[in-house]
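Participant: Numbering (the working numbering), first residue to last: 4 to 333.
Got a structure here, written out as structure tokens. Questions coming.
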Amino acid sequence: MKGLILCAGKGTRLYPFTLAYPKTLIPVANRPLLELCIEKLKKQGITEIGIVIHPSHEAAIKEQAGTGERWGANITYIYQTDPKGISHAIRQAEHFIGNDCFLLLLGDNLILDELTELTKLVKTNGCHAALMLSEVKNPQDYGIVEVINNRIVRLEEKPIVPKSNLAIIGAFAFTNTIFSASAAIGPSPRGEYEITEAIQWMLDQGCSVSYYLSTKPNMDVGTLERWLEANRMMLDNGKEPGEIDGTAVLDNCKIIAPVRIGQNCVLKDCEIGPYVSISAGSNIEGCRIENSIILNDVHLKQAVNPIKNSVIGFQSMMVGLHSPRKVGDG
Numbered sequence: 004m005k006g007l008i009l010c011a012g013k014g015t016r017l018y019p020f021t022l023a024y025p026k027t028l029i030p031v032a033n034r035p036l037l038e039l040c041i042e043k044l045k046k047q048g049i050t051e052i053g054i055v056i057h058p059s060h061e062a063a064i065k066e067q068a069g070t071g072e073r074w075g076a077n078i079t080y081i082y083q084t085d086p087k088g089i090s091h092a093i094r095q096a097e098h099f100i101g102n103d104c105f106l107l108l109l110g111d112n113l114i115l116d117e118l119t120e121l122t123k124l125v126k127t128n129g130c131h132a133a134l135m136l137s138e139v140k141n142p143q144d145y146g147i148v149e150v151i152n153n154r155i156v157r158l159e160e161k162p163i164v165p166k167s168n169l170a171i172i173g174a175f176a177f178t179n180t181i182f183s184a185s186a187a188i189g190p191s192p193r194g195e196y197e198i199t200e201a202i203q204w205m206l207d208q209g210c211s212v213s214y215y216l217s218t219k220p221n222m223d224v225g226t227l228e229r230w231l232e233a234n235r236m237m238l239d240n241g242k243e244p245g246e247i248d249g250t251a252v253l254d255n256c257k258i259i260a261p262v263r264i265g266q267n268c269v270l271k272d273c274e275i276g277p278y279v280s281i282s283a284g285s286n287i288e289g290c291r292i293e294n295s296i297i298l299n300d301v302h303l304k305q306a307v308n309p310i311k312n313s314v315i316g317f318q319s320m321m322v323g324l325h326s327p328r329k330v331g332d333g
């Protein structure tokens with residue numbers, strides 16, 4: 004079984020942050036989403052991993068993931084020059100996958116579920132496709148599945164009037180039948196080749212399509228609100244409620260867990276938490292911060308008001324800050 008991670012999206016809803024680097028590299032509790040995806044695949048014993056990227060992201064993603072050696076994996080980079088949906092991205096990887104079955108992850112999703120049961124549905128049970136589903140409050144924002152008597156009968160992409168609240172989350176398992184399905188469909192009204200239409204084609208052809216119902220929170224990290232929510236989820240899922248790197252220096256600081264503070268951070272006269280992640284090299288003095296993400300090498304000093312529900316971009320420098328919500332890199 005091989006692994007495939009889709010990372011070619013532009014991430015326009017996360018501008019200005021994704022102007023500097025691809026969405027798959029944004030950190031959640033100081034861990035890039037791409038690294039978390041690779042680790043998920045490795046836990047399933049997968050060592051042959053393809054990453055679908057846009058050429059403009061090549062340098063940044065290769066710098067982060069490299070050859071895959073540090074995970075004991077072999078990474079192949081696959082290019083999608085004109086992203087037109089998930090099915091279109093899958094087709095770019097046909098040569099890499101060959102006749103193997105594969106586990107597909109969306110590189111902008113935080114997935115906390117273990118993927119063993121999903122993988123078994125295709126690898127062991129003989130299904131042509133398996134989807135991870137989760138009950139959601141806003142089904143109109145997702146690909147939705149209608150299930151009758153424990154069987155998938157219909158799929159729809161971002162329906163105006165959803166027939167269920169069972170959303171497709173960012174993990175799938177497929178046989179190579181998905182390539183025939185992706186080739187058989189045309190573009191949707193929004194100009195994309197939808198994975199829901201490809202899977203519906205498989206159902207219509209009599210293929211076996213099953214599902215695994217998620218037991219843990221998962222998140223499409225596609226907006227500022229979802230990024231902050233994913234950060235909270237990851238911090239709650241951490242091994243320790245207050246994870247502070249041994250190289251960090253804290254002077255007269257109050258820490259309210261859960262938090263994560265990265266390498267070589269220097270904090271003085273601060274109250275940090277709950278739900279704060281501070282990336283490596285940041286220097287913060289005289290600030291109260293909660294439910295926020297501070298990226299690498301940020302310098303904050305004497306914030307006038309508490310910093311809440313905010314993301315502060317890479318290498319930002321601010322003195323006397325007045326309650327930002329998002330501040331882009333640099």
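For each residue, glycine too, the CB sits at the ideal point set by N, CA and C.
In the DSSP assignment, find the unbroken beta strand (DSSP E) run with K271 in it and report its ends.
Facilitator: V269 to K271
Participant: For T226, count neighbouring Cβ atoms within 10 angstroms of its own Cβ and tell me buried if that reaches 16, exposed if not.
Facilitator: Around the beta carbon of T226, fewer than 16 other beta carbons sit within 10 angstroms, so the residue counts as exposed.
Participant: Taking the runs of the alpha helix (DSSP H) that are 4 residues or longer, which of them lie wholly in the segment 157 to 236?
Facilitator: 180 to 187 and 198 to 207
Participant: So what does DSSP say about P58, is it helix, strand or coil?
Facilitator: helix
Participant: Cβ of V212 within 7 Å of Cβ of A176?
Facilitator: V212 places its beta carbon 7 Å or farther from that of A176.
Participant: Note down the Cα distance separating H302 from A32, rounded to an integer number of angstroms.
Facilitator: 19 Å
Participant: According to the neighbour-count rule (16 or more other Cβ atoms, all chains shown, within 10 Å of its Cβ), is I163 buried or exposed?
Facilitator: That one is exposed.
Participant: Roughly how many angstroms lie between the CA atoms of C130 and I172, to the nearest whole one?
Facilitator: 18 Å
Participant: Leaving aside the five residues before and after A251 along the sequence, list all residues of the same chain whose C-beta is less than 6 Å from its C-beta, in chain order.
Facilitator: I264 and C268
Participant: Roughly how many whole angstroms lie between the Cα atoms of R235 and S90?
Facilitator: In this model, R235 and S90 are separated by some 31 Å (Cα to Cα).
Participant: Helix, strand or coil: how does DSSP classify H91 here?
Facilitator: It is helical.
Participant: Quick one: what does DSSP say L118 is sitting in, helix, strand or coil?
Facilitator: coil
Participant: Could you give the residue range of the alpha helix (DSSP H) that holds F99?
Facilitator: E97 to I100
Participant: With H, G and I counted as helix, E and B as strand and the rest as coil, what does DSSP make of F20?
Facilitator: helix
Participant: Is the CB-CB distance between A11 and I64 below 7 Å?
Facilitator: Not in contact: A11 and I64 (Cβ atoms no closer than 7 Å).
Participant: Residues in its own chain within less than 8 Å of I100 by CB, not counting five upstream and five downstream?
Facilitator: K5, L7, G53, N179 and F182
Participant: Return the first residue and the last residue of the alpha helix (DSSP H) that I41 is part of.
Facilitator: Looking at the DSSP string, the run of the alpha helix (DSSP H) that includes I41 is L36 to K46.
Participant: Work out the CA separation of L158 and G333 for me, nearest whole Å.
Facilitator: Since pLDDT at G333 reaches only 44, below the 50 mark, its modelled position is unreliable, and no value is offered.
Participant: Return the first residue and the last residue of the beta strand (DSSP E) that V279 is part of.
Facilitator: V279 to I281
Participant: For W74 and S285, I'd like the C-alpha separation in whole angstroms.
Facilitator: 27 Å
Participant: Assign K140 to one of three DSSP states: helix, strand, or coil.
Facilitator: Judged by DSSP in its simplified three-state form, K140 adopts coil rather than helix or strand.
Participant: Apart from the five residues on each side of it in sequence, which residues of its chain come closer than 6 Å, Cβ to Cβ, to G88?
Facilitator: Cβ within range, chain order: E195, Y196 and E197.
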